[in-house]
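In UniProt numbering, the protein residues as written are 1 to 264. Don't be surprised by glycine CBs; every beta carbon is placed ideally from N, CA and C.
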Amino acid sequence: MTHATAITFGQLPAIRIAAPDGAQAIVTLYGAHLVSWTGADGGERMFLSANSALDGGKAIRGGVPVIFPQFAERGAGMRHGFARVSTWELAASGLDGDTAWAEFLLAPRMLAEPVRQAWAHDFALLLRVAVCANALSMTLTVRNAGGASFPFSAALHTYHLVPDVCAVRIEGISSDEISIIDKLDEVYQHVSGRATLATGERTLLLEQSGFLDAVVWNPGAADTAALADMADDEYQRFVCIEPALLEPHTLAPGETWTGTYRVS
Ligand SMILES: O=P(O)(O)OC[C@H]1O[C@@H](O)[C@H](O)[C@@H](O)[C@@H]1O
1 MTHATAITFG QLPAIRIAAP DGAQAIVTLY GAHLVSWTGA DGGERMFLSA NSALDGGKAI
61 RGGVPVIFPQ FAERGAGMRH GFARVSTWEL AASGLDGDTA WAEFLLAPRM LAEPVRQAWA
121 HDFALLLRVA VCANALSMTL TVRNAGGASF PFSAALHTYH LVPDVCAVRI EGISSDEISI
181 IDKLDEVYQH VSGRATLATG ERTLLLEQSG FLDAVVWNPG AADTAALADM ADDEYQRFVC
241 IEPALLEPHT LAPGETWTGT YRVS
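Written out as structure tokens, the structure reads:
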């Protein structure tokens, strides 16, 4: 099996990244959206809603949406930014030892015209996705390719698959252990960058750098009922823990910012 294969996921062109040990990830070019991650042990680790659009008409509900250049409604632009609803390109792929990886690129020339006009900055976004054994690494790089500074926020909005959200325990993000009783939508600023997620099935180590903050989200029953792209009981099967850079970071011309994230 080659390490990066072009496939179709739903109706979307996608890349399957496969390591020799069996670890795999699938990333759609729409959004550079990781929609599946299986460890070498074969277990799926990402939630994807059964009701998600997979046709490029609406952001995918599940997996790892790339949030850029705006978080949620903290700004005048598109909710959670345009990166998750834009079509990226596969820039490169390879195998480093046992690790299979692929890099995805988004640049202004690839944006829909109204989107490009609404955020008229010259940038390059690069997302590197790598898998090996039971670890997933994602690195997001933002480069200012233009002549003027711009501010941005970013996040990797990870939907971790869990057997039962009530059994979830998260440590290392807040001074108290986090559990989910009902709806939770909480921002944690300046986190340590090292946390654990006990899913009830396994304990994952979550490591982040560059991303200074974390957001924990589960919509609970009431908000899920209002989400057209999520089945009513699906909130029970995921928790979002999102490495995030919430306070807009200003990049000068020629500068780059890098956020790293590893789940193992
Ligand atoms: O429905 P969206 O745009 O994908 O957003 C989902 C959630 O994303 C989270 O990051 C926000 O904190 C929530 O407030 C929001 O509801």
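Practice task
Indicate the three-state DSSP secondary structure (helix, strand or coil) for Pro114 in the structure shown.
Solution key: helix
Exercise for the section: Indicate the three-state DSSP secondary structure (helix, strand or coil) for Ala221 in the structure shown. Expected result: helix
Exercise for the section: Could you spell out the range, first to last residue, of the beta strand (DSSP E) harbouring Thr139? Expected result: Ala135 to Asn144
Exercise for the section: Using beta-carbon positions only, say whether Leu184 and Val263 come within less than 8 Å of one another. Expected result: no
Problem - Neighbourhood of Glu171 by C-beta, 6 Å cutoff - its chain only, sequence neighbours within 5 removed - result: Glu177 and Thr196
Handout entry: Touching by the beta-carbon criterion (3+ pairs, under 8 Å), the segment 248-257 and the segment 227-234
Key = Counting Cβ pairs under 8 Å, fewer than three are found: no touch.
Handout entry: Through-space distance from Gly210 to Tyr30, alpha-carbon basis
Key = 24 Å
Exercise for the section: Could you tell me which of Cys240, Pro243, Arg45 and Gly10 sits nearest to Leu54, measuring between CA atoms? Expected result: Selected option, being the one with the closest Cα: Gly10.
Practice task
Determine the burial state of Ala118: buried for a count of at least 16 other Cβ atoms within 10 Å of its Cβ, exposed for fewer.
Solution key: exposed
Handout entry: Cutoff 6 Å; reference Ala4; Cβ partners in own chain excluding five residues on either side
Key = Ile15, Ile17, Ser93 and Ala102
Exercise for the section: Output the residue ranges of the beta strand (DSSP E) runs that lie fully inside the segment 43-129 and measure 3 residues or longer, sorted by chain position. Expected result: Taken in chain order, the whole beta strand (DSSP E) runs of length 3 or more contained in the segment 43-129 are 89-96 and 99-106.
Problem - Nearest-angstrom Cβ-Cβ length linking Ala154 and Phe68, presumed shorter than 8 Å - result: In this structure Ala154 touches Phe68 by the C-beta definition: roughly 5 Å separates them, less than 8 Å.
Practice task
Taking 8 Å as the cut-off, decide whether the C-beta atoms of Glu207 and Arg194 are in contact.
Solution key: yes
Exercise for the section: Please state whether DSSP places Glu234 in a helix, a strand or coil. Expected result: Helix, per DSSP.
Handout entry: Val35, DSSP secondary structure in three states
Key = strand
Handout entry: Within 8 Å, strictly: CB atoms of Tyr159 and Phe104
Key = no
Problem - Per-residue DSSP class, three states only, for Val165 - result: In the structure shown, Val165 sits in a helix (DSSP, three-state: H, G or I).
Handout entry: DSSP state of Arg202 mapped onto helix, strand, coil
Key = Here Arg202 sits in coil by DSSP.
Problem - Where Ile173 falls: helix, strand or coil (DSSP) - result: coil
Practice task
Indicate, with yes or no, if ligand 1 has a heavy atom lying under 7 Å from the CB of Arg79.
Solution key: yes
Problem - Heavy atom of ligand 2 within 7 Å of Trp88 beta-carbon - result: What this structure holds is ligand 1, not ligand 2.
Practice task
Determine the direct distance from the alpha carbon of Val165 to that of Trp217, and round the result to whole angstroms.
Solution key: Taking the straight line from one Cα to the other gives about 11 Å.
Exercise for the section: Please check the pair Trp37 and Ala25, which I expect to be a contact at CB under 8 Å, by giving their CB distance rounded to whole angstroms. Expected result: 5 Å
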